[in-house]
Amino acid sequence: MKYIKLYFQYAKLSIMSKLSYKSNTIIGIAAFLFTEITSILTLFIIVSQVPSLEGWNMYQIGLLYGITNLAIGLDHLFTDKLWNVAYFEVRSGTMDSLFLRPIPVLFQTIALEIQLEALGEILTAIFLIIFCSCNLSLIVTFESVLLLVVGIIGAALLITSFKIIIASMAFAFKRTGPFLQIVYNFSNYSKYPLTIFPKIIRFAFTFLIPLGLCVFFPVTNLFNPSSIGINPYLLVAIIIVVTAIILTLAILIWSKFAKRYESTGS
Amino acid sequence: MALIEVKNLSKTFKKPIRGNGLLSMIKTLFSRKYENIEAVKDVSFSIEQGEIVGYIGANGAGKSTTIKMMCGILFPTEGEIIIDQKSVLKHRKEINQEIGVVFGQKTQLWWDIPLIETFKILKAIYSVSDEDYKERFNYLSELLDLKSFMNQNVRSLSLGQRMRADFAASLIHNPKILYLDEPTIGLDVLVKDKIRKAIKELNHHYNTTVILTTHDMKDIEELCNRIIIIDKGSILYDGNLEDIKFQFGNIKNIVFPRFEGFDENKIKEFNDKINIEVDENIKLSFSLNDVNMDALLLMLIGEYKINDFKIFDIGIEEITKELYAKNEETKK
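In the order they appear, the protein sequences are chains F and Z. Position in the first sequence (from 1) plus 270 gives the number in our numbering. Position in the second sequence (from 1) plus 12 gives the number in our numbering.
Here's what the structure looks like:
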């Protein structure tokens with residue numbers, strides 16, 4: 271309870287700081303809007319040249335793309351500070367003050383920043399989802415929506431977990447930003463239908479980095495439930511369990527590496 | 013039972029040995045040899061509630077490393093720190109509730125928002141009750157004169173204002189222990205004075221235990237009843253300030269520019285216990301126990317017509333040097 275209250279207080283301060291640099295924030299949001307719109311247009315131009323891709327039409331691909339981007343955007347909005355940890359904060363020793371507070375360092379790291387730039391991503395994703403849904407006849411039932419919502423939250427938490435794991439390695443190696451960038455870029459693959467990829471990537475995205483599990487199957491379920499071959503409620507349970515396990519693992523790894531934090535000389 | 017007990021504390025940093033130049037740096041990518049740098053070696057001391065202790069030493073002596081381990085920021089290689097009968101390593105969060113820290117070089121305030129917001133969130137972080145918060149907030153903002161800039165953005169504060177604010181922020185949860193790592197660095201005399209007064213007042217009012225590192229001898233003289241001197245990671249001296257001042261204290265230095273016709277022997281004749289160093293300047297150092305400074309000055313002014321000179325007390329660096337030399341001697 272204390273932490274929920276505290277989170278909102280941190281969030282308020284973060285937004286206040288962001289708003290003290292108004293134009294910077296607006297430019298940031300606009301930049302992400304622009305990047306997203308151009309990449310969506312590119313996608314549509316390419317996909318519109320082929321009648322269907324492994325049985326997926328343009329709107330279905332757009333929907334999958336939007337759902338994945340929504341998950342990526344949510345992670346971006348809430349946990350952007352982890353990038354700073356991976357790139358600079360350990361090296362410059364600015365995390366000292368976090369280690370001085372009687373609350374968990376990871377909580378503070380995440381609560382310290384609400385990255386408003388991510389609104390650019392989230393807005394385009396929502397627009398894309400609505401636009402594509404209107405052009406598709408989707409099967410909207412309680413279970414398909416539940417699966418989708420759990421899938422989106424699960425995907426966002428998975429991205430966060432991998433960010434936590436790699437950022438925490440910075441406590442030992444000082445700078446893991448470039449490595450984080452590589453792993454983060456992998457999440458782009460789940461914007462496209464899993465079935466177009468070779469088996470190995472399909473396997474990796476279902477079992478190793480189960481983003482496909484969280485996004486691909488729930489979206490497929492919206493127009494072709496029979497093809498996923500698994501009960502939607504069971505899938506919901508699997509996503510929750512898998513995400514919980516990976517997130518817990520990430521937190522454990524973080525607290526292990528955090529013991530190796532060495533401040534800088536002052 | 014003492015409030016703080018530091019037992020056989022050591023910290024060793026492992027550093028890869030690097031040569032100079034690009035080629036040898038590339039070499040180190042393939043074969044890594046490490047050297048161990050012992051920043052703190054087997055340090056032990058204990059501190060009682062209500063003490064003000066100066067923890068001093070030259071740059072790189074291991075002061076900040078010790079303080080950081082005592083705060084729980086840095087994990088010791090060996091040894092143990094027990095605060096209020098709890099090990100710092102195992103109870104970081106509980107210990108953090110009991111300590112306040114000010115690093116002179118790093119601020120803990122929220123940078124882009126009004127100062128008052130930092131206090132509000134610290135109240136929530138440390139779960140300070142409304143009543144206590146009000147009392148302390150008023151007391152501290154009065155003591156450190158914060159009212160006039162409470163609603164300004166932290167980034168627009170001057171260094172002096174920021175230090176005072178940082179100081180107050182570290183105390184809002186009424187910690188039992190306050191660590192001050194060079195709290196007066198870069199401040200002007202007036203602000204230094206205000207901070208010193210506040211430290212004294214606070215120690216009196218809340219019985220807060222204060223541990224401070226500094227290079228400013230005046231900080232030590234005005235505040236500390238006990239000092240711990242550390243050099244190259246080991247403790248050289250732990251005890252009363254008066255004693256050490258008596259040992260080395262009364263030492264004065266007189267410095268004036270070198271000039272033609274200066275004769276060392278004349279000074280020696282005057283008193284052979286005066287130590288003379290000649291480079292660009294001439295430096296005379298002596299103990300007031302042996303030398304009558306008034307007579308010496310009269311002689312200098314009378315004989316040499318010197319009108320440009322400085323007199324200063326022995327610095328902590330010199331005391332450390334002397335202590336170190338003494339230590340080496342006794343080892344032999």
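All residues carry an ideal CB built from backbone N, CA and C; glycine is no exception.
Notebook entry, point to check: Relative to the alpha-carbon of F:Gly325, which residue among F:Leu398, F:Asp345 and F:Leu464 has its alpha-carbon at the smallest distance?
Noted result: F:Leu464
Checklist line | Alpha-carbon to alpha-carbon, F:Ile331 and Z:Arg174 | finding: 54 Å
Notebook entry, point to check: If you follow the alpha helix (DSSP H) that F:Pro488 is part of, which residue opens it and which one closes it?
Noted result: Leu481 to Phe493
Margin query: Three Cβ pairs or more, each shorter than 8 Å: is that satisfied between the stretch 75–92 of chain Z and the stretch 202–215 of chain Z?
Written below: no
Margin query: Given this structure, state the Cα-to-Cα distance separating F:Phe278 from Z:Asn108, to the nearest angstrom.
Written below: Looking at the two C-alpha atoms, the distance is approximately 22 Å.
Notebook entry, point to check: Can we say the stretch 19–34 of chain Z touches the stretch 54–70 of chain Z, given the rule of at least three CB pairs closer than 8 Å?
Noted result: yes
Next item on the list: Could you check the C-alpha separation between F:Ser497 and F:Val489 for me, to the nearest Å?
Entry: 11 Å
Check: Which residues mark the beginning and the end of the beta strand (DSSP E) in which Z:Leu345 is found?
Finding: No statement about residue 345 of chain Z is possible, as the shown extent of chain Z runs from 13 to 344 and does not include it.
Check: How long is the line joining the alpha carbons of Z:Ile95 and Z:Ala14, rounded to whole angstroms?
Finding: 8 Å
Next item on the list: Report the neighbours of Z:Ser139 on chain F: residues whose CB is nearer than 9 Å to its CB, in chain order.
Entry: Lys272 and Pro372
Next item on the list: Return the CA-CA distance between F:Ala520 and F:Ile315, expressed in angstroms with no decimal places.
Entry: 39 Å
Notebook entry, point to check: Z:Val303: which of Z:Glu281, Z:Phe321 and Z:Asp291 sits nearest, CA to CA?
Noted result: Z:Glu281
Next item on the list: In angstroms with no decimal places, state the Cα-to-Cα distance between F:Leu333 and F:Ser414.
Entry: 14 Å
Margin query: Less than 8 Å between CB atoms is the rule here; does Z:Glu92 satisfy it with respect to chain F?
Written below: Chain F, which has no Cβ nearer than 8 Å to the Cβ of Z:Glu92, makes this no.
Next item on the list: Would you check if there are 3 or more beta carbon pairs closer than 8 Å linking the stretch 27–41 of chain Z to the stretch 225–235 of chain Z?
Entry: As far as the Cβ criterion goes, the stretch 27–41 of chain Z does not touch the stretch 225–235 of chain Z, which means the pair count is below three.
Note to self: Could you check whether F:Ile392 and F:Leu428 sit closer than 8 Å to each other, using their CB atoms as the reference points?
What the structure shows: No.
Notebook entry, point to check: Which stretch, first to last residue, makes up the beta strand (DSSP E) that contains F:Val355?
Noted result: Element bounds for F:Val355: n/a, residue is neither H nor E.
Notebook entry, point to check: Residue range of the alpha helix (DSSP H) that Z:Glu315 falls in?
Noted result: Run containing Z:Glu315: Met305 to Tyr316, per the alpha helix (DSSP H) assignment.
Notebook entry, point to check: To which residues does DSSP link Z:Phe324 through a beta bridge?
Noted result: Z:Asn265
Check: How many angstroms separate the CA atom of Z:Ile239 from the CA atom of F:Thr513?
Finding: 54 Å
Next item on the list: Determine whether the Cβ of Z:Ile16 lies closer than 8 Å to any Cβ atom of chain F.
Entry: No, Z:Ile16 does not count as interfacial toward chain F.
Checklist line | Residues near F:Val453 by beta carbon distance below 7 Å, same chain, minus five either side | finding: Phe432 and Ile436
Checklist line | CB contact check: Z:Phe282 to chain F, cutoff 8 Å | finding: Chain F, which has no Cβ nearer than 8 Å to the Cβ of Z:Phe282, makes this no.
Notebook entry, point to check: What in chain F is Cβ-close to Z:Glu129, meaning under 8 Å?
Noted result: Leu283 and Met286
Margin query: I'd like to know whether the C-beta atoms of Z:Ile184 and Z:Leu121 end up nearer to each other than 8 Å.
Written below: no
Next item on the list: Compute the distance between the beta-carbons of F:Leu446 and F:Thr349, then report whether it is under 8 Å.
Entry: Inspection of the sequence shows that residue 446 of chain F is occupied by Thr rather than by Leu. No, the Cβ-Cβ distance between F:Thr446 and F:Thr349 is not below 8 Å.
Notebook entry, point to check: For chain F, is any of its Cβ atoms less than 8 Å away from the one on Z:Val113?
Noted result: yes
Check: Near Z:Gly91, which residues of its chain fall below 6 Å by C-beta distance, leaving aside the five closest residues on each side in sequence?
Finding: Lys19, Asn20, Leu21 and Ser22
Note to self: Let me check one thing: in DSSP terms, what residues is Z:Leu192 bridge-paired to?
What the structure shows: For Z:Leu192, which the question treats as bridged, DSSP gives the partners Z:Val114 and Z:Leu224.
Note to self: Looking at Z:Trp123: is its Cβ nearer than 8 Å to the Cβ of Z:Val65?
What the structure shows: no
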